[in-house]
């Protein structure tokens, strides 16, 4: 049964065992400023595997990507890629220019662009045939539809896809760069924090897209949702080594914790054994009758390899001060309209926030989530309507943009002294310690703090007066996985209200018990949880695709040519959808043929009369082998039937 499920879910996996790895890192050593980021690190990644690359900030994840891509040379060891493997990664430079988004993404496939250009000028019939065969092999005719689907998933509608790159902000253009990389479908895809410039909706789409990626994928991410949904295995960077774990991030954490616990127990037992042996040596080493035994035990001690002590890395601290209770509501909006200048962004808001609320704001970027947060934080005045607040209400506001307001020459302690001038230095340091700033870090200049440390400083500044309501706008952009888990725990222990905007579905799922959907100029409660919201988005995308097809079908100007193009796209999509099923069926058929041949060989050997005149062991071995082969045949036939029926069902739907 498990084989049947395995073939159905991972039809390519059967062939992986006999193919060379797509990526092989052997005895890799690389140093920066005398510090070894990698020390004889070795790992292999088979073709078609999706791998999550995890480790503390500063362990060298991004550096490893640069080493794999050949941007920087290794100090020792080797990094070998499969022959002719194409590497794809998102450009660091923000794309720009007058090109439309769709044209920029299509141009990323250099081979297709070259072949199409050559097809316009080629005159040799054989070369023309070669060009069109290659275009057909690479499904070039489906390229516009694929590019449009990727852009749509990342938040660009049909109208936006036709606009020039220069009309978008830097964050949106980085989405286009990601779309171009995904469109090229490289053999090895390197993605370093791909969700940094995405909103929640685009992040959820990306999870689904990458979980079906057909090539080899290496993913660096601090988002637990991505690391649990996409990777089939995890590579952990720790102490200069690359340790490979099967499964997603949750399984990696569980396996690693069990390994560390086992290592700790083994070390304790070894220490007890060493003390016992040492006591024997100390007691009898000078007694003639026991001298030889004592010498033997001394040699045993020397040969005993010490088990390394388990030293857990220091975890990030978050500890929000609890506010004094206030009567409900903390804040209420009545028929409120907010916007900028004369332009209203959200209208007719009737909302209420109480002390125990944990509210997550949903909706695509540009719909007004940050605008609503700013108005709640009193950084934006309403255009009309009423805003009622408790007179004693204290509000803490966090925005990643506030990092630009920090004094780079100052220290966490000097920043705290500015906002708490009447507090003693001891109290200022105590509050900073709640966010991981010990004695040394409290006096480190801000310019030398990491992105995550700057974010923690903003948390400390924001919560200095024990706010009743915390407004958090994308609080996790520079926090690693462990820091995000610490933030989740701290928010769940905090006694005040929280309104949260985040593209991390894991954070929203574990913190928020209420969801508000911001869109179409309004904000209203969303009935359901994050799983319901995923289904809501999937249904909305289906409806959008259905509407697009209907509009194209009603477009009289497209005529018969447009219909033919649409039919070709649908046939190509159908072939792509059933490709894995066809592959699974072929693999199952080859397995059956091999087992039938093996059975015929065994039965022919057992039909030989001389077999029964020889040793019984040989006959017994053949009988056992025949029984095992018959059992394997039954299982293989079940796998083949399942794969064949699935293929027939899929083709029937088509």
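Residue numbers (the working numbering): 913 to 1566. Built from N, CA and C at the ideal position, the CB exists for glycine as well. Source: prediction; values computed, not measured.
Asked: Cutting at 8 Å between CB atoms, please list the residues of its own chain near residue 1105, excluding the five before and the five after it.; Found: 1132, 1133 and 1134
Asked: Residue 1130: which of 1205, 1242 and 959 sits nearest, CA to CA?; Found: 959
Asked: Looking at residue 1277: is its Cβ nearer than 7 Å to the Cβ of residue 1430?; Found: no
Asked: Can you grab the Cα-Cα spacing for the pair residue 1003 / residue 947, in whole Å?; Found: 28 Å
Asked: Residue 1160: buried (16+ other C-beta within 10 angstroms of its C-beta) or exposed?; Found: buried
Asked: From the DSSP output, which residues share a beta bridge with residue 1296?; Found: 1249
Asked: Evaluate residue 1128 with the Cβ neighbour count: other Cβ atoms within 10 Å of its Cβ, from every protein chain shown; 16 or more gives buried, anything less gives exposed.; Found: buried
Asked: Measuring only the C-alpha atoms, how far is residue 1364 from residue 1395?; Found: 8 Å
Asked: What is the DSSP secondary structure of residue 1439, reduced to helix, strand or coil?; Found: coil
Asked: Indicate whether residue 1435 and residue 1258 have their beta-carbon atoms separated by less than 7 Å.; Found: yes
Asked: Taking the alpha carbon of residue 1345 as the reference point, which residue from 1084, 1371 and 1267 has its own alpha carbon closest?; Found: 1371
Asked: So the beta strand (DSSP E) residue 1015 belongs to, where does it begin and stop?; Found: Looking at the DSSP string, residue 1015 is not in any beta strand (DSSP E); the run it does join, the alpha helix (DSSP H), is 1013 to 1019.
Asked: What would DSSP say about residue 990, mapped onto helix, strand or coil?; Found: strand
Asked: Using CA coordinates, which residue listed in 1030, 1062 and 1036 is at the minimum distance from residue 1047?; Found: 1030
Asked: Any contact of the segment 936 to 952 with the segment 1110 to 1121, i.e. 3+ C-beta pairs under 8 Å?; Found: no
Asked: If I follow the unbroken alpha helix (DSSP H) through residue 1026, where does it start and stop?; Found: 1022 to 1033
Asked: If you count every other CB in all the chains shown that lies within 10 Å of the CB of residue 1269, and 16 or more means buried, which is it?; Found: buried
Asked: May I have a chain-ordered list of the beta strand (DSSP E) segments no shorter than 3 residues that lie completely inside the segment 932 to 969?; Found: 935 to 944, 947 to 957 and 962 to 966
Asked: I'd like the list of long-range same chain contacts for residue 1507, defined as Cβ closer than 7 Å, with 5 residues on each side in sequence excluded.; Found: 1541, 1544, 1545 and 1548
Asked: If we call anything under 7 Å between Cβ atoms a contact, is residue 1118 one with residue 1068?; Found: no
Asked: How many Å lie between residue 1287 and residue 962 at the Cα?; Found: 42 Å
Asked: Quick check: what's the CA-CA separation for residue 1070 versus residue 1368?; Found: 40 Å
Asked: If you reduce the DSSP assignment to three classes, tell me which class residue 1121 lands in.; Found: helix
Asked: Is residue 904 helix, strand or coil when you go by DSSP?; Found: Lying before the first or after the last residue shown, residue 904 is absent from the chain, which here runs from 913 to 1566.
Asked: Starting from residue 1145, trace the beta strand (DSSP E) both ways and give me its first and last residue.; Found: 1145 to 1150
Asked: In the DSSP assignment, the beta strand (DSSP E) including residue 1153 goes from what residue to what residue?; Found: 1153 to 1158
Asked: How far does the beta strand (DSSP E) with residue 1426 in it reach, from first residue to last?; Found: 1426 to 1431
Asked: List in chain order: all unbroken alpha helix (DSSP H) runs of 4+ residues lying wholly within the segment 1234 to 1290.; Found: 1281 to 1288
Asked: Determine the extent of the beta strand (DSSP E) in which residue 1376 is found, giving its start and end residues.; Found: It is not in any beta strand (DSSP E) - residue 1376 carries neither H nor E in the DSSP assignment.
Asked: Could you pull the DSSP bridge partners for residue 1100 from this structure?; Found: 999 and 1128
Asked: Please give me, in chain order, every unbroken run of the alpha helix (DSSP H) with length at least 4 that falls completely inside the segment 1288 to 1359.; Found: 1324 to 1331 and 1337 to 1345
Asked: Taking the CB atoms as reference points, tell me whether residue 1418 and residue 1137 lie closer together than 7 Å.; Found: yes
Asked: Compare the Cα-Cα distances from residue 1442 to each of 1122, 1416, 1180 and 1421 and report the closest residue.; Found: 1421
Asked: For the putative contact between residue 1274 and residue 1445, defined by C-beta atoms under 8 Å, what is the C-beta separation to the nearest angstrom?; Found: 6 Å
Asked: How big is the Cα-Cα spacing for residue 1223 and residue 969?; Found: With a pLDDT of 43 at residue 1223, under the threshold of 50, the modelled position of that residue is not reliable, and no figure is offered here.
Asked: Would the beta-carbon of residue 1232 fall within 7 Å of that of residue 1402?; Found: yes
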